[in-house]
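A short worksheet on the structure shown next.
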Amino acid sequence: MEHSVVDEKHNISVYENFIEERVDENDTSFISDENINIIDISNAKNELSSSLEDSGNFLKNFFLGKDVILNEKWDFTANIQGKIVHVNEEEVFVDCLLDIDKKIFEHRTFPIQLFTNLVEIVVNKTVLIKTKVKPGTIKIDVFPGDGIVKLEFFNQKNKWDILNGSELDNKLIKW
Amino acid sequence: MDKIVSVFQFEIRYNHILNFSQIARKILSPYVKLAQSIKLENQNTINEQIILNFENDDYVIIVSWDRILIKGQESLDNYIIKNSPIEMPFFSILNKISSLEEFGSIQNILLAVNYIKEIEKTNLSKFMEKTIQETTSNVLDDLTDIAITLERNKKNEKVMLSFGPYSGPLELSNRPLVPVNLKTLSNTNFSGVMLEYKCFKIVNKVTFNDFINMTKESNELFKKVWNTL
Chain L
1 MEHSVVDEKH NISVYENFIE ERVDENDTSF ISDENINIID ISNAKNELSS SLEDSGNFLK
61 NFFLGKDVIL NEKWDFTANI QGKIVHVNEE EVFVDCLLDI DKKIFEHRTF PIQLFTNLVE
121 IVVNKTVLIK TKVKPGTIKI DVFPGDGIVK LEFFNQKNKW DILNGSELDN KLIKW
Chain U
1001 MDKIVSVFQF EIRYNHILNF SQIARKILSP YVKLAQSIKL ENQNTINEQI ILNFENDDYV
1061 IIVSWDRILI KGQESLDNYI IKNSPIEMPF FSILNKISSL EEFGSIQNIL LAVNYIKEIE
1121 KTNLSKFMEK TIQETTSNVL DDLTDIAITL ERNKKNEKVM LSFGPYSGPL ELSNRPLVPV
1181 NLKTLSNTNF SGVMLEYKCF KIVNKVTFND FINMTKESNE LFKKVWNTL
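Written out as structure tokens, the structure is:
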């Protein structure tokens, strides 16, 4: 019972904050690190025992162990949506969506070893291909595309539908 | 030495989603596999925030009941190419949120960028010589720091520029917007100039091209300021 009373008080205070935020709709300030308090869910024990951490720990803890790759700087990173269109024993063939707006695709082939982290390597499976490039080096990570990659992007059948009735498929019997 | 973006933050604010904490995890779960770690703030409360940390790429994405933001560093060039982290996963997540029945509309956007660039043999007095009149700089004895702020207010848009001398990485940690990871930034141990750009726009629609255009403007303004020094 005591617990529910505490919860109720908390909810009221949250609601008050909400009202204040609504008033300030044109707030030009950004969320600064000073205002961020974090609950670390990476460790179940911490989650149960600790309350909100201070913002200083937010950044410190985020990058623990980062020093070992200090020199690894990449010129650019691209996260490309793709759909597997063919698989053989050695390679996976993927339609890669390079430009969503212009609907530009590129057919790319990758060694199958890159895909062995997927539950199954089958045709029509979507993937997200992360490519990082710097002079002399390219790094490729493949992630399952479930929930991220939109399969409808790869269904461009509607492009051909506009040609229906245009008689382009008529036999050339008269010249 | 080229300019360094010590940090940038791009925010898209929308109407508060009252049941955000109940639906957010389902929306964001597919993206967790791309991140190196996640954190939650205000867990199970009305203003829960989910933080996706892409530490290998030095950026974070924070999603909450009223906004989504991405914060990165080093250079903006990496973020304005096709399929950059802005397009995927940032805008991909936004599109998922905006397709929710509970979603109202986008309210405004904000881009903040902090630049630093080395100027050889520069110091406070040399900066003042080039930027303000002597009578002004003499107002306060033993001056230790200075910044010049320029603002432009238009209908539905506000731009703020603030620049001053830069004396080393300690300054980066003392700004309201601190780098994502100071350790992985290029060498910041030099003297030069620091510029903070902030652009706020009231909009109800935002695309990847809007981000590109705002970054272009910020880069151009930095260049203009640089040419005056």
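Chains L and U supply the protein sequences, listed in that same order. Counting in this note's numbering, the first sequence runs from 1 upward without gaps. Counting in this note's numbering, the second sequence runs from 1001 upward without gaps. Quick reminder that beta carbons are idealized off the backbone N, C-alpha and C, glycines included.
Counted within 10 angstroms of its Cβ, other Cβ atoms place residue i as buried (16 or more) or exposed
{"i": "L/P111", "result": "exposed"}
{"i": "U/M1001", "result": "exposed"}
{"i": "L/D75", "result": "exposed"}
{"i": "U/R1152", "result": "exposed"}
{"i": "L/L172", "result": "exposed"}
{"i": "U/L1172", "result": "buried"}
{"i": "L/N170", "result": "exposed"}
{"i": "U/Q1049", "result": "buried"}
{"i": "L/Q156", "result": "exposed"}
{"i": "U/D1058", "result": "buried"}
{"i": "L/S166", "result": "exposed"}
{"i": "U/I1046", "result": "buried"}
{"i": "U/S1021", "result": "buried"}
{"i": "U/T1136", "result": "exposed"}
{"i": "L/K102", "result": "exposed"}
Distance between beta carbons of residue j and residue i, contact taken as under 8 Å
{"i": "U/Q1107", "j": "U/L1069", "result": "Actually they do not touch by this definition, with Cβ atoms about 13 Å apart."}
{"i": "U/L944", "j": "U/V1159", "result": "Residue coverage of chain U in this structure runs from 1001 to 1229, which leaves residue 944 of chain U outside it and unanswerable."}
{"i": "U/N1083", "j": "L/I80", "result": "5 Å"}
{"i": "U/A1112", "j": "U/L1177", "result": "6 Å"}
{"i": "U/Y1115", "j": "U/R1067", "result": "Not confirmed; about 24 Å, so no contact."}
Which of helix, strand or coil DSSP assigns to residue i
{"i": "L/A44", "result": "Caution applies to L/A44, whose pLDDT of 33 falls short of 50 and renders its modelled position unreliable; the model cannot decide the point."}
{"i": "L/D141", "result": "strand"}
{"i": "U/D1066", "result": "coil"}
{"i": "U/I1080", "result": "coil"}
{"i": "U/V1225", "result": "helix"}
{"i": "L/P135", "result": "coil"}
{"i": "L/F105", "result": "strand"}
{"i": "L/V23", "result": "In this prediction, L/V23 scores a pLDDT of 35, lower than 50, which makes its location untrustworthy; the coordinate-derived value is nonetheless stated afterwards. In the structure shown, L/V23 sits in a helix (DSSP, three-state: H, G or I)."}
{"i": "U/D1210", "result": "helix"}
{"i": "U/D1057", "result": "helix"}
{"i": "L/F62", "result": "With a pLDDT of only 49 at L/F62, under 50, the local geometry of the prediction cannot be trusted, and no value is derived from it."}
{"i": "U/K1071", "result": "strand"}
{"i": "U/Q1107", "result": "strand"}
{"i": "L/A78", "result": "strand"}
{"i": "U/V1139", "result": "coil"}
{"i": "U/V1032", "result": "helix"}
{"i": "U/A1024", "result": "helix"}
{"i": "U/F1127", "result": "helix"}
{"i": "U/N1047", "result": "coil"}
{"i": "U/T1215", "result": "helix"}
{"i": "L/F110", "result": "strand"}
{"i": "U/M1088", "result": "helix"}
Selection from the options that minimises the alpha carbon distance to residue i
{"i": "L/K130", "options": "U/D1145, U/Y1197, U/P1089, U/P1169", "result": "U/P1089"}
{"i": "U/D1142", "options": "U/K1130, U/S1125, U/V1178", "result": "U/S1125"}
{"i": "U/S1162", "options": "U/S1218, U/Q1036, U/S1037, U/F1190", "result": "U/S1218"}
{"i": "U/Q1036", "options": "U/L1052, U/I1046, U/K1026, U/N1042", "result": "U/L1052"}
{"i": "U/F1011", "options": "U/F1091, U/R1175, U/I1038", "result": "Correcting the residue type first, residue 1011 of chain U is Glu in the shown sequence and not Phe. Checking every option, the nearest Cα to that of U/E1011 belongs to U/F1091."}
{"i": "U/N1181", "options": "U/R1013, U/I1017, U/N1056, U/N1044", "result": "U/N1056"}
{"i": "U/Q1073", "options": "U/N1123, U/I1061, U/N1083, U/H1016", "result": "U/I1061"}
{"i": "L/I84", "options": "L/K150, L/V127, L/K134", "result": "L/V127"}
{"i": "U/E1102", "options": "U/I1017, U/Q1022, U/L1076, U/K1117", "result": "U/I1017"}
{"i": "L/K132", "options": "U/K1154, U/I1081, U/K1071", "result": "U/I1081"}
{"i": "U/K1026", "options": "L/I148, L/Q156, L/P135, L/I121", "result": "L/I148"}
{"i": "U/I1132", "options": "U/T1122, U/I1146, U/G1168, U/C1199", "result": "U/I1146"}
{"i": "L/A78", "options": "U/P1085, U/N1042, U/N1227", "result": "U/P1085"}
{"i": "L/D141", "options": "U/P1176, U/K1033, U/I1093, U/N1015", "result": "U/K1033"}
{"i": "U/K1096", "options": "L/P135, L/T116, L/K150", "result": "L/K150"}
{"i": "U/I1109", "options": "U/I1119, U/T1207, U/L1040", "result": "U/T1207"}
{"i": "L/V124", "options": "L/F115, L/D95, L/T116", "result": "Inspection of the sequence shows that residue 124 of chain L is occupied by Asn rather than by Val. Among L/F115, L/D95, L/T116, the Cα nearest to that of L/N124 is on L/D95."}
{"i": "U/V1005", "options": "U/R1175, U/G1168, U/K1117", "result": "U/K1117"}
{"i": "U/K1039", "options": "U/I1023, U/N1019, U/N1015, U/S1064", "result": "U/S1064"}
{"i": "U/K1071", "options": "U/V1007, U/S1099, U/T1045", "result": "U/V1007"}
{"i": "U/L1229", "options": "U/N1114, U/N1209, U/F1127", "result": "U/F1127"}
{"i": "U/I1305", "options": "U/I1148, U/T1188, U/N1156", "result": "Since the first and last residues shown for chain U are 1001 and 1229, residue 1305 of chain U lies out of range."}
{"i": "L/E72", "options": "U/K1183, U/Y1079, U/F1190", "result": "U/K1183"}
{"i": "L/T109", "options": "L/T116, L/E91, L/L98, L/D99", "result": "L/E91"}
{"i": "U/I1023", "options": "U/S1098, U/Y1079, U/F1211", "result": "U/S1098"}
{"i": "U/T1144", "options": "U/P1165, U/L1150, U/E1157, U/K1155", "result": "U/P1165"}
{"i": "U/F1054", "options": "U/M1214, U/L1140, U/Y1031", "result": "U/Y1031"}
Within chain L, partners of residue i - CB distance below 9 Å
{"i": "U/S1084", "result": "F76, T77, A78, N79"}
Heavy atom of the ligand HEM within 7 Å of residue i beta-carbon
{"i": "U/N1042", "result": "As for the ligand HEM, it is missing from this structure, which has no ligand bound."}
Interface residues of chain U facing residue i [CB-CB closer than 8 Å]
{"i": "L/I148", "result": "P1030, Y1031, L1034, M1088, P1089, S1092"}
{"i": "L/F143", "result": "K1033, L1034"}
Contacts that residue i makes with chain U (C-beta to C-beta distance below 9 Å)
{"i": "L/V110", "result": "Looking at the sequence provided, one finds Phe at residue 110 of chain L rather than Val. Here the premise fails: no neighbours, minimum Cβ distance about 16 Å."}
{"i": "L/D99", "result": "K1082, N1083"}
{"i": "L/F115", "result": "Here the premise fails: no neighbours, minimum Cβ distance about 14 Å."}
Under 8 Å from the C-beta of residue i: neighbouring residues of chain L
{"i": "U/I1081", "result": "F76, A78"}
{"i": "U/N1078", "result": "W74, D75, F76, T77"}
Neighbour list for residue i in chain L, Cβ cutoff strictly below 7 Å
{"i": "U/D1057", "result": "T77"}
Any chain B beta carbon closer than 8 Å to residue i
{"i": "U/P1165", "result": "Within the model displayed, chain B is absent; protein chains L and U are what it includes."}
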